[in-house]
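Peer 1:
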Amino acid sequence: MEEHTATVKNQEVEKRCAFAYEIVGTMVTALVFLAVVFCFLFRVVSVDGDSMLPTLMDQERLLLTCGYSAPQHGDIVVVSRDEKEPLIKRVIACAGDTIVIRDGVVVLNGAVLDEPYLDSATITDAGIFETEAVVPENCFVVLGDNRENSHDSRAIAVGFVDMKDIMGKIVCRIWPIDKFGSVA
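Following this line, the structure appears as structure tokens:
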């Protein structure tokens, strides 16, 4: 009888262990899956400088999605620049749009662009966008929100940004924690 009771107890322990191993295995698989998905679809980027003030502050951390469709007007994106630091800028114009910067404002497709996020006028550098320009296919015009201190499409070195150079779109701010959430 004692032998039968011990056998039943051993079977119960084995069942519990098998169940625990199954749960742990499922959790490890799920964590690995989530880590792989996160690594391929998202990245954390840091703001470096004041070119996106007042929207983004220096040293804030942002979540960037790499799996997305083409950027839209107003999206904040990260632009790769070969061996230089990437740029974090706002998409102002997309392929086929006409753009001109006149009297301190951006005129997009014949209408003055409403930009409530700006603190200053939009100036041009070396005449770029002082005459109407059409954005080429697969390209974008990106500008910083701090137009007085932003290296963006107004600079000859940046100009029109090709879609292949856009690393991704900003999804949300993750640091500092008290500012966690979407960015406009």
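Using our numbering, the letters of the sequence shown map in sequence onto residues -13 to 170. For every residue, glycine included, the Cβ atom is placed at its ideal position computed from N, Cα and C. As the structure is a prediction and not an experimental result, all values here were calculated from the model.
1. Would you mind listing the beta strand (DSSP E) stretches within the segment 28 to 53 that are 3+ residues and don't spill past its ends, in chain order?
2. DSSP beta-bridge partners for Lys155?
3. Are the beta-carbon atoms of Asp105 and Leu49 separated by less than 9 angstroms?
4. Does the beta-carbon of Ala79 have 16 or more other beta-carbons within 10 angstroms, so that it is buried, or is it exposed?
5. Go to Glu71, then tell me how far its beta strand (DSSP E) extends in each direction, as first and last residue.
6. Can you tell me whether Ser136 is buried or exposed, with buried defined as 16 or more other CB within 10 angstroms of its CB?
7. Ignore the nearest five residues each way along the sequence and tell me which others in Gly130's own chain have a CB closer than 6 angstroms to its CB.
8. Which value, in whole angstroms, describes the spacing of the CA atoms of Thr51 and Asp34?
9. Does the beta-carbon of Cys125 have 16 or more other beta-carbons within 10 angstroms, so that it is buried, or is it exposed?
10. Unbroken beta strand (DSSP E) runs of length 3 or more, entirely within the segment 83 to 168: which are they?
11. Are the segment 56 to 63 and the segment 152 to 162 touching, with three or more C-beta to C-beta distances below 8 angstroms?
Peer 2: The relevant details are as follows:
1. Whole beta strand (DSSP E) segments, 3+ residues: 28 to 32 and 47 to 51.
2. Beta-bridge annotation (DSSP): Lys155 is paired with Thr51 and Val63.
3. In this structure, Leu49 does not lie closer than 9 angstroms to Asp105 by Cβ.
4. Residue burial annotation: Ala79 is buried, with at least 16 other C-beta atoms found within 10 angstroms of its C-beta.
5. Following the DSSP letters along the chain, one finds Glu71 inside the beta strand (DSSP E) bounded by residues Lys70 to Cys80.
6. That one is buried.
7. Hits under 6 angstroms: Ser37, Met38, Lys75, Ser136 and Asp138.
8. Those two C-alpha atoms are separated by around 18 angstroms.
9. Residue burial is scored here from C-beta neighbours: Cys125 has at least 16 other C-beta atoms within 10 angstroms and is therefore classed as buried.
10. Listed in chain order, the complete beta strand (DSSP E) runs (minimum 3 residues) inside the segment 83 to 168 are 84 to 88, 91 to 94, 125 to 129 and 152 to 161.
11. Yes, the segment 56 to 63 is in contact with the segment 152 to 162.
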